[in-house]
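**Student:**
There are 2 protein chains.
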Amino acid sequence: MKTRLFTPGPTPVPEHIMVTMAQPMVHHRTDEFKDAFVEVNENLKYLFCTEQPVLTLTSSGSGAMEAAIVNTLSRGDHIITVNGGKFGKRWGKISEVYDLINHQIDVEWGSAVSIEQIRAELDKAPDTQAIFLTHSETSTGVFTDVEAMAQEIRSDFDGLIIVDGITAVGAHEMRFDDWELDIVVTGSQKGLMIPPGLAFIALSDRAWKSTEKSDLPSFYFDLGQARKAFEKGDTAWTPAVTLIMGLKESLAMIRREGREDVWKRHARLAAGLRSGLTALGFKLFASPPSNAVTSAYLPKGQEKFQKVMKERYGITMAGGQEHLKGKIFRVSHLGYYDEGDMLTFLHYAERTLSDLDIAFEAGVGVATAQQTFSTLLSTQ
Amino acid sequence: MKTRLFTPGPTPVPEHIMVTMAQPMVHHRTDEFKDAFVEVNENLKYLFCTEQPVLTLTSSGSGAMEAAIVNTLSRGDHIITVNGGKFGKRWGKISEVYDLINHQIDVEWGSAVSIEQIRAELDKAPDTQAIFLTHSETSTGVFTDVEAMAQEIRSDFDGLIIVDGITAVGAHEMRFDDWELDIVVTGSQKGLMIPPGLAFIALSDRAWKSTEKSDLPSFYFDLGQARKAFEKGDTAWTPAVTLIMGLKESLAMIRREGREDVWKRHARLAAGLRSGLTALGFKLFASPPSNAVTSAYLPKGQEKFQKVMKERYGITMAGGQEHLKGKIFRVSHLGYYDEGDMLTFLHYAERTLSDLDIAFEAGVGVATAQQTFSTLLSTQ
């Protein structure tokens with residue numbers, strides 16, 4: 396049985412990159428590594444649409460989230476976070492550890508925060524130093540329109556806008572400089588198509604300025620150290636060398652395809668999958684939906700849908716987290732996926748519905764997705 | 396030209412493990428990953444000679460060093476560190492970030508701290524909460540007899556003994572439970588023979604107890620979270636999955652060879668290389684020397700020795716760090732090395748000496764190492 400990974404991180408690694416990462420070790424203080432790292436750094440800037448350095452950390456994305464906080468804020472600072480999913484909530488959890496005053500906006504999981512909610516919270520807490528947003532909330536599949544929100548907030552807010560782009564970068568348009576974002580973080584095992592182990596973070600001039608007055612302690616995640624090393628084409632600590640050698644290849648793929656076309660492909664795959672699932676009778680969960688991951692309710696009384704997909708058809712997807720466990724499933728189209736992969740998923744979803752004696756019109760999932768792809772291809 | 400890596404981290408990765416790590420991605424919340432991780436955890440306990448959990452972090456070794464401090468100590472705590480090399484000094488640097496009171500013992504780089512120096516410092520600072528040792532100081536190649544020191548200190552010291560085992564674990568005998576150590580950290584790209592990106596940390600009951608009263612903030616490196624996940628065969632954050640799949644294989648190799656035989660092999664390789672270098676006229680730098688890495692002075696006026704070895708013979712070794720730059724070179728025999736590798740290094744060292752018109756007796760480096768290997772094999 397062929398097995399296929401449809402989880403929103405780790406995502407599949409392109410075959411030639413697996414082979415690249417299996418090359419004999421190079422030492423990280425050699426020209427060979429430095430040349431690769433300099434290329435990686437240039438292409439990360441391209442992907443982030445920024446002139447700022449995009450720093451590479453050896454950690455998961457959560458490490459970069461902590462780095463965003465400990466480098467720019469101080470004890471007692473007021474912040475606004477959005478609890479609309481597991482990862483939005485994580486900003487609040489980190490802030491507790493560092494004695495920040497967290498004004499948390501609770502949003503029903505599956506929905507996005509509105510600009511009015513942010514405005515209202517800002518009115519209540521005018522001393523806010525930082526607003527934290529989640530561009531694509533992996534746990535729910537919800538998209539937040541960071542571009543519109545940043546534009547609106549920026550008109551009269553001079554604190555930091557800090558964005559979890561962990562599943563958004565590579566899937567959604569994100570223009571770090573143009574949108575005047577202050578921090579964006581992401582991870583390697585998402586849109587960047589390599590295994591987990593690296594995280595990335597970019598800071599605006601405003602964010603770099605705030606690092607000067609931050610009083611929170613950090614050593615491993617000290618971005619001043621990271622930047623000093625970056626400027627020499629180096630890292631502060633021994634980096635995950637093999638992953639960086641793989642990243643060089645995956646960023647080269649993104650550059651060849653073109654970031655705008657990568658974003659369009661994700662939009663097309665997401666729309667196709669959503670239309671196919673809907674045609675099969677599934678109820679979508681997230682509104683508005685992310686282009687990185689699609690979430691839908693499990694068929695009523697048929698929570699084993701996910702299990703059958705895995706055991707009979709080799710399809711690994713993700714389930715719901717926390718109170719959404721057993722209620723929804725999540726399908727990734729983040730990174731190394733194409734239209735064929737979406738059709739494959741829908742085909743086995745149809746097969747599984749048959750196995751579970753759930754009524755649907757045979758072939759309609761696949762056919763609907765195909766139509767969506769064609770329509771979008773001609774209009775995108 | 397064949398190229399060979401003789402650096403003390405990253406160290407060479409066995410060929411079959413490179414291939415293992417090039418397998419398609421598995422998700423970290425699957426039985427396949429969990430089974431691998433449970434085996435890894437068992438074999439880490441075997442290697443550390445402990446019944447305590449050995450926690451896996453996705454970071455470099457420096458991240459685990461920070462974890463050791465932030466989880467067990469509190470602001471204003473007195474500690475003793477040893478500045479006898481770049482990595483011993485690092486304990487002091489981390490402690491500054493967290494407002495600890497650091498009683499630093501300065502030791503000439505190339506020498507080990509003595510028990511009398513530790514005693515004297517303890518007498519001056521009787522409130523010391525933790526003593527930090529470096530089992531094998533990578534920057535100098537010096538070995539510290541942690542076993543003897545811990546035994547001596549432990550007689551009347553009830554604070555923490557915290558050990559940087561980053562290049563020692565896998566090269567030197569280290570019995571975490573029997574020696575009553577409180578924390579040992581190591582990294583993946585050293586004796587564990589896989590690429591950089593993972594770090595490991597074990598805590599004694601005494602150290603776990605001290606985590607309860609520690610007031611230093613941490614999120615990503617919160618070992619309480621790591622332990623909770625560990626107990627479910629899981630990690631707190633998305634781990635570097637491919638490296639863990641490789642680690643499963645490298646730990647299996649160590650288990651097959653037997654930890655005692657692995658330690659003996661390192662002792663033999665180190666002794667052979669030292670004897671060969673000495674026979675060729677090199678002056679060794681470290682006293683006492685580590686079995687992980689051998690350091691020696693560069694030939695006088697011939698600092699290009701290292702460069703010629705690399706460019707003409709494909710041998711990458713490490714140079715000196717900080718004030719030792721251009722003074723010494725360092726050769727690794729840590730991890731995936733055997734006697735043949737040491738003879739290869741010595742052979743090309745001889746060739747390079749010839750190229751540089753430095754007098755030596757042809758073949759004496761290789762022959763001396765061979766004799767040392769034979770002698771040790773029959774007596775070990």
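The listed protein sequences correspond, in order, to chains Y and F. Taking our numbering, I'd label the letters of the first sequence as residues 396 to 775. Taking our numbering, I'd label the letters of the second sequence as residues 396 to 775. Beta carbons are placed, not taken as given, at the ideal position from N, Cα and C, and that holds for glycine. Just so you know, these numbers come straight off a predicted model, no measurement behind them.
Are there any heavy atoms of the ligand COA lying less than 8 Å away from the beta-carbon of Y/Y615, as far as the coordinates show?
**Tutor:** The model depicted lacks the ligand COA and carries no ligand whatsoever.
**Student:** Would you check if the region 456-475 of chain F and the region 522-531 of chain F touch, i.e. whether three or more CB-CB distances between them fall below 8 Å?
**Tutor:** In short, these stretches touch, since the Cβ pair count reaches three.
**Student:** Residues of chain F with CB closer than 8 Å to the CB of Y/L486, please, in chain order.
**Tutor:** At residue 486 of chain Y the sequence reads Trp, which differs from the Leu that was named. Per Cβ cutoff of 8 Å: no residues; Y/W486 is ~11 Å from chain F at best.
**Student:** Check whether the region 729-739 of chain Y touches the region 535-546 of chain Y, counting contact only when three or more Cβ pairs, one atom from each stretch, lie closer than 8 Å.
**Tutor:** No: fewer than three Cβ pairs fall under 8 Å.
**Student:** When the cut-off is 9 Å and only beta carbons count, does Y/R424 lie next to chain F?
**Tutor:** Yes, because at least one Cβ of chain F sits closer than 9 Å to the Cβ of Y/R424.
**Student:** Go ahead and label Y/L751 buried or exposed: buried means 16 or more other beta carbons lie within 10 angstroms of its beta carbon, across all protein chains shown.
**Tutor:** Classification for Y/L751: exposed.
**Student:** What residues from chain Y crowd round F/Q584, counting only those whose CB sits closer than 7 Å?
**Tutor:** Per Cβ cutoff of 7 Å: T633.
**Student:** How big is the Cα-Cα spacing for F/T744 and F/A602?
**Tutor:** It should be pointed out that residue 744 of chain F corresponds to Ala in this sequence rather than to Thr. Cα-Cα distance, rounded: 45 Å.
**Student:** Helix, strand or coil for F/G628 per DSSP?
**Tutor:** Reduced to three states, the DSSP call for F/G628 is coil.
**Student:** Going by DSSP in three states, Y/Y692 sits in which element: helix, strand or coil?
**Tutor:** Three-state DSSP puts Y/Y692 in a strand.
**Student:** What are the start and end residues of the alpha helix (DSSP H) that includes F/S727?
**Tutor:** Segment 723-727 is the beta strand (DSSP E) holding F/S727; no alpha helix (DSSP H) there.
**Student:** Residues in the same chain with beta-carbon distance under 7 Å from F/I548, minus the five sequence neighbours each way, listed in chain order, please.
**Tutor:** Hits under 7 Å: I513, I526, I556.
**Student:** Would you please verify whether the beta carbon of F/Y493 is less than 9 Å from any beta carbon of chain Y?
**Tutor:** Yes, F/Y493 lies at the interface with chain Y (some Cβ there is under 9 Å from its Cβ).
**Student:** Whose C-beta lies closer than 8 Å to the C-beta of F/P590 among residues of the same chain, with five residues either side of it excluded?
**Tutor:** The residues are P405, V408, M416, S583, Q584, L638, G641.
**Student:** Is DSSP giving Y/T523 helix, strand or coil here?
**Tutor:** Coil, per DSSP.
**Student:** Look at Y/T467 and Y/V688 and say whether their C-beta atoms are less than 9 Å apart.
**Tutor:** No.
**Student:** So, for Y/K699: in the same chain, excluding its five sequence neighbours on each side, which residues have a beta-carbon less than 8 Å away from its beta-carbon?
**Tutor:** So the qualifying residues of the chain are L751.
**Student:** Hey, how far is the Cα of F/D573 from the Cα of F/V449?
**Tutor:** Going by the C-alpha atoms only, they are around 16 Å apart.
**Student:** Just checking: is the beta-carbon of Y/L400 within a distance shorter than 9 Å of some beta-carbon in chain F?
**Tutor:** Closer than 9 Å: yes.
**Student:** Say whether the region 556-568 of chain F touches the region 650-662 of chain F, bearing in mind that this needs 3 or more beta-carbon pairs closer than 8 Å, one atom from each stretch.
**Tutor:** Taking 8 Å as the limit for Cβ pairs, the verdict is that the region 650-662 of chain F does touch the region 556-568 of chain F.
**Student:** With a threshold of 9 Å between beta-carbons, can Y/I489 be considered close to chain F, or not?
**Tutor:** So yes, Y/I489 belongs to the interface.
**Student:** With distances taken Cα to Cα, identify the nearest neighbour of Y/L576 among Y/H530, Y/I500, Y/H498.
**Tutor:** It is Y/H530 whose Cα lies nearest to the Cα of Y/L576.
**Student:** Quick one: Cα of Y/Q766 to Cα of Y/S727, how far?
**Tutor:** One C-alpha to the other measures close to 20 Å.
**Student:** Going by DSSP in three states, Y/I753 sits in which element: helix, strand or coil?
**Tutor:** Of the three classes helix, strand and coil, the one that applies to Y/I753 here is coil, per DSSP.
**Student:** Please list, in chain order, all residues of the same chain as Y/P684 whose beta carbon is under 8 Å from its beta carbon, the five residues on each side excluded.
**Tutor:** The residues are G536, V537, F538, A665, R669, S690.
**Student:** Since Y/F764 is in the alpha helix (DSSP H), which residue starts that stretch and which ends it?
**Tutor:** The sequence shown places Ala at residue 764 of chain Y, rather than the Phe named in the question. Per DSSP, Y/A764 belongs to the alpha helix (DSSP H) from 759-774.
**Student:** Going straight from the alpha carbon of Y/E717 to that of Y/P403, what length do you get?
**Tutor:** Computed Cα separation, rounded: 16 Å.
**Student:** Cutting at 6 Å between CB atoms, please list the residues of its own chain near F/K643, excluding the five before and the five after it.
**Tutor:** So the qualifying residues of the chain are A431, E434, V435.
**Student:** Taking F/G592 as the query, report the chain Y residues whose CB atoms sit under 7 Å from its CB, ordered along the chain.
**Tutor:** Result: T453, G592, A635, L638.
**Student:** What are the start and end residues of the alpha helix (DSSP H) that includes F/F680?
**Tutor:** Neither: F/F680 is in no alpha helix (DSSP H) and is coded neither H nor E.
**Student:** When DSSP builds the beta bridges, which residues end up paired with Y/E532?
**Tutor:** According to DSSP, Y/E532 bridges with Y/V537.
**Student:** Does the beta-carbon distance from F/A507 to F/G479 come in below 9 Å?
**Tutor:** Yes, the pair counts as a contact, with Cβ atoms nearer than the cut-off.
**Student:** Following the continuous beta strand (DSSP E) through Y/T581, name the residue where it begins and the one where it ends.
**Tutor:** Looking at the DSSP string, the run of the beta strand (DSSP E) that includes Y/T581 is 578-582.
**Student:** At a Cβ cut of 9 Å, what residues of the region 662-674 of chain F count as close to chain Y, listed as they run along the chain?
**Tutor:** Listed by position along the chain: nothing, the set is empty.
**Student:** Contact criterion: CB-CB distance below 9 Å. Does F/D430 meet it with respect to chain Y?
**Tutor:** So, not an interface residue.
**Student:** How many angstroms separate the CA atom of F/H498 from the CA atom of F/Q447?
**Tutor:** Using only the alpha carbons, I get a separation of about 29 Å.
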